[in-house]
Amino acid sequence: MKPAKDENVKTIRFPVKTDEKLTAIANKSGLTKLAFFLHMVDYFYKSKKDPRDLNDELLKNAINRKTDNIVAFIKTQEQELLIPVKKDTERMIASQMQVIAAFNQHIIKHNEEQKATLQEQASHIGKMGDFLKRLDSSQYEKKLLKTKFSAILEFYINAREQMGMMSRQVDKDALIQNVRQQLNNL
1 MKPAKDENVK TIRFPVKTDE KLTAIANKSG LTKLAFFLHM VDYFYKSKKD PRDLNDELLK
61 NAINRKTDNI VAFIKTQEQE LLIPVKKDTE RMIASQMQVI AAFNQHIIKH NEEQKATLQE
121 QASHIGKMGD FLKRLDSSQY EKKLLKTKFS AILEFYINAR EQMGMMSRQV DKDALIQNVR
181 QQLNNL
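As structure tokens, then:
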């Protein structure tokens, strides 16, 4: 068996300050300096980012901050405007429903009472009309009765005047009987 050949044949020389930074970042990540360096090279190789261009990360951070600000603004607007408006709208709708329910309850009841009252009044007016017709008919019959009675009275007065003092009792009784019969026929 052949001993494995060491692949780590290349060296990079860099200043002590850079070594201190590399050591700090590697320790923070929990890696060795070599492992951290390998991951860093893979990252820049795969992402095709230029390690000299810090603007990529700054731009990403700026976009994230702006996005966070926008989300916070929207949440604030939601808390300050949308939720209170929604609650007020719900309260207003509930209030309107109560008003409509009360309106329907009282107005419909009032309308039914008015309808019953109007029907009762119509019935009474009909009865009054019938009574007035009967009264008018009675007045007409009374007038007709007076006319007939007046005719009978005139007949009696005329017949009595023609009899004179010396008339027979039978004629007087016949006249009285005739007048009574005419009165009964009324």
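With the UniProt record's numbering, the residue at position 165 of the sequence shown is 165, and numbering never jumps. Backbone N, C-alpha and C fix where the C-beta goes; we use that ideal spot for every residue, glycine too. Note that this is a predicted model, so its numbers are computed, not measured.
If you follow the alpha helix (DSSP H) that Arg168 is part of, which residue opens it and which one closes it? Note, Arg168: premise wrong, no alpha helix (DSSP H); not H, not E.
Enclosing alpha helix (DSSP H) for Phe36 [first to last residue]: Lys33 to Ser47
Is it the case that the Cβ atoms of Ile152 and Val179 are separated by a distance below 8 Å? yes
How many Å lie between Ile63 and Lys86 at the Cα? 32 Å
Is the CB-CB distance between Ala24 and Lys33 below 8 Å? no
Rounded Cβ spacing between Lys148 and Leu186 (contact assumed at less than 8 Å): Contact holds; Cβ gap of about 6 Å.
Can you tell me where the alpha helix (DSSP H) with Gln27 in it begins and where it stops? The sequence shown places Asn at residue 27, not Gln. Where Asn27 is concerned, the enclosing alpha helix (DSSP H) stretches over Val16 to Ser29.
Where does Val88 fall in DSSP's three states? Before going on, a small fix: residue 88 reads as Asp here, not Val. Asp88 falls in the helix class under three-state DSSP.
Can you check the stretch 100 to 185 for any alpha helix (DSSP H) of at least 4 residues that lies completely inside it and give the ranges in chain order? If we require 4 residues or more, the alpha helix (DSSP H) runs fully inside the stretch 100 to 185 come out as 169 to 185.
Among Tyr156, Arg65, Gly164 and Asn111, the one whose alpha carbon lies nearest that of Leu183: Tyr156
Give the DSSP-derived three-state secondary structure of Thr76 in the structure shown. Looking at Thr76 - three-state DSSP - the assignment turns out to be helix.
DSSP-derived helix/strand/coil call for Val9: coil
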